[in-house]
Amino acid sequence: MWFEKEGRVYISMPGVPYEMKTIFEEEALPKITQNFDTAVLYHRTFLTQGIGESFLAQQLEDWEDKIEAAGMQLAYLPAPGMVKMRITSFKGQTDAQLIQSLIDEVKMRMPAHFVCEGEMPIAALVGELLKANGKTVGTVESCTGGNIAAAFVANSGSSDYFEGSLLTYTIDQKVSLADVPRALISEKGVVSKEVAEAMALGGLKKLKTDYCIATTGIVGPTGETDTVKMGTVWFAIARNGAVSSKMHIFGDNRERNIQMSVLTALNFLRCELLEINQ
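Just so it is clear: in the sequence shown, position 101 is 447 by this note's numbering, and no numbers are missing.
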């Protein structure tokens, strides 16, 4: 609803987000543009993963100077495990080419962290890469509890590349489902490089996929030991009988640790598919 009173305009819209967005874009915004002299803004966004906002800003300090010198604005929009970057021009699409060159520069400088332009979910992006290469993936999950698999199947058409998941939350299930040797777990510990790699290789064989992602860790708030800090997660990706692995230490919030682990695992696979060194 559009109200005018004492030289001001008031717009009342429904509180349901998707209804409000549609009404604003289709009715309110055109009327605002028609009745008021407004600056034409042009936004471009891209997503980064695996690097915090402050560290990202340090790495891109000279790059930010170029944006400021061009009279544009940069916004850091962080979320657990990811940072969305938004460049805004106040000249409409006049700066489109410059903005594209700036985005390309970040992509070249930080390939392991630059996920994509726009806001495509990372699982959907990885799915497109798998499909384009005719490859399939499966997961063997412990601390992530099937959330990597859920991220894949949230996208329509994921059966083209996602085969399935083994949920191996306990030691017994790691042994029986993923064929991890019990002696290896006893020797190295359940949260270890060796066990993560064995899980990935076991899943690759059981699920008969081209790639298999495995996770094992302590996401808290309990479970910390003298040798394994809370928030420690090992990731492994197996393919063609070979395996790569890495470890991250997150924080003490269980939900956030799981969310960040899922994103880290997906970006790990993205880098493997694109042959990006991490």
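A virtual CB, placed ideally from N, CA and C, is assigned to each residue, including glycine.
Just so it is clear, the structure is predicted and the values come from calculations on it, not from any experiment.
Contact belief for residue i with residue j at Cβ below 8 Å, rounded distance in angstroms
i, j, result
"A546", "V589", "5 Å"
"R602", "P426", "5 Å"
"C558", "G492", "Not a contact, Cβ separation roughly 14 Å."
"T514", "I604", "Contact doesn't hold; Cβ gap of about 15 Å is too wide."
"T482", "M431", "Not confirmed; about 32 Å, so no contact."
"L523", "V541", "So it is not a contact: roughly 13 Å between Cβ atoms."
"V499", "F508", "6 Å"
"V461", "L471", "7 Å"
"V486", "A560", "4 Å"
Closest residue to residue i among the options (Cα-Cα distance)
i, options, result
"E463", "A469, K554, D450, L475", "D450"
"S488", "Q443, G563, T571, S435", "G563"
"L476", "Q624, T573, Y515, L615", "L615"
"D572", "F596, G535, V541, D506", "G535"
"N479", "Y364, I583, F436, D506", "D506"
"D587", "E371, S532, K552", "Residue 587 is actually Gly in this sequence, not Asp. The option with the nearest alpha carbon to G587 is K552."
"T434", "M418, S522, S358", "M418"
"K592", "Q624, G577, K554", "Q624"
"I494", "F370, A611, E373", "A611"
"E373", "K453, H389, W348, M576", "W348"
"L620", "H389, I369, G473", "G473"
"K437", "N501, H389, L420, A421", "H389"
"S511", "E407, G548, G569, D411", "G548"
"M606", "M428, L402, L406", "M428"
Exposure label - residue i; buried when at least 16 CB within 10 Å
i, result
"L550", "buried"
"N613", "buried"
"V355", "exposed"
"I595", "exposed"
"T394", "buried"
"F382", "exposed"
"D556", "buried"
"H459", "buried"
"R455", "exposed"
"S504", "buried"
"G398", "exposed"
Length of the line joining the Cα atoms of residue i and residue j
i, j, result
"A469", "A497", "6 Å"
"D525", "E543", "11 Å"
"E618", "D441", "34 Å"
"L387", "V579", "42 Å"
"V574", "A582", "17 Å"
"L423", "E414", "18 Å"
"G566", "V362", "35 Å"
"M366", "I445", "30 Å"
"Q404", "E350", "47 Å"
"R528", "V537", "13 Å"
"P457", "P360", "42 Å"
"I357", "Q439", "28 Å"
"P376", "G353", "19 Å"
"A416", "P467", "30 Å"
"G577", "D598", "6 Å"
"W409", "D518", "51 Å"
"A421", "Q443", "19 Å"
"Y364", "I378", "20 Å"
"S400", "K412", "18 Å"
"E465", "I369", "22 Å"
"V452", "R585", "29 Å"
"E570", "E371", "50 Å"
"T516", "K539", "17 Å"
Sheet register partners of residue i (DSSP bridge)
i, result
"Y422", "M431"
"A588", "R585"
"R455", "Its beta-bridge partners do not exist; DSSP assigns none."
"W580", "T562, M593"
"W348", "I357"
"Y364", "Beta-bridge pairing links Y364 to no other residue."
"E487", "L513, T561"
"E463", "F392"
"F508", "V483"
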